[in-house]
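Written below as structure tokens is the structure these notes are about.
Numbering (the numbering used here), first residue to last: 1281 to 1383.
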């Protein structure tokens, strides 16, 4: 992620997002390629996927003037990185749907 470098006191949007998701009882794992988020309270869609999960990244969005945004692993924009609470609610909702509720 372009925005994860800096000094000791630099702000990391993915770290802030991880704190909010962990507070919602989601499992978060900070990786070099992004924030892996798992909802272990919901059954996954199939045998290969025990629980719903996603890899969230933060990068600059060209069509928004280079503003940092959170993105899903499908490269879908979630929210600007400054809107951490909105992003957390969106991710929580997506990973909390039961298999029968998914389209």
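For glycine and all other residues, C-beta sits at the position ideal for the given N, C-alpha and C.
Residues near residue i by beta carbon distance below 8 Å, same chain, minus five either side
i, result
"residue 1304", "1368 and 1372"
DSSP three-state assignment for residue i, whether helix, strand or coil
i, result
"residue 1300", "helix"
"residue 1295", "helix"
"residue 1306", "coil"
"residue 1313", "coil"
"residue 1359", "strand"
"residue 1353", "coil"
Proximal residues to residue i (C-beta, below 6 Å), its chain only, five neighbours per side dropped
i, result
"residue 1374", "none"
"residue 1309", "1316"
"residue 1352", "1334"
Bridge-paired residues (DSSP) for residue i
i, result
"residue 1323", "Paired residues: none, contrary to the question."
"residue 1334", "1317"
"residue 1341", "1347"
Nearest-angstrom beta carbon gap, residue j and residue i [assumed within contact, 8 Å]
i, j, result
"residue 1293", "residue 1347", "Contact doesn't hold; Cβ gap of about 11 Å is too wide."
"residue 1336", "residue 1306", "About 11 Å; that fails the 8 Å criterion."
Residue i Cβ short of 7 Å to the ligand NAD heavy atom set
i, result
"residue 1300", "You won't find the ligand NAD in this model; it holds no ligand whatsoever."
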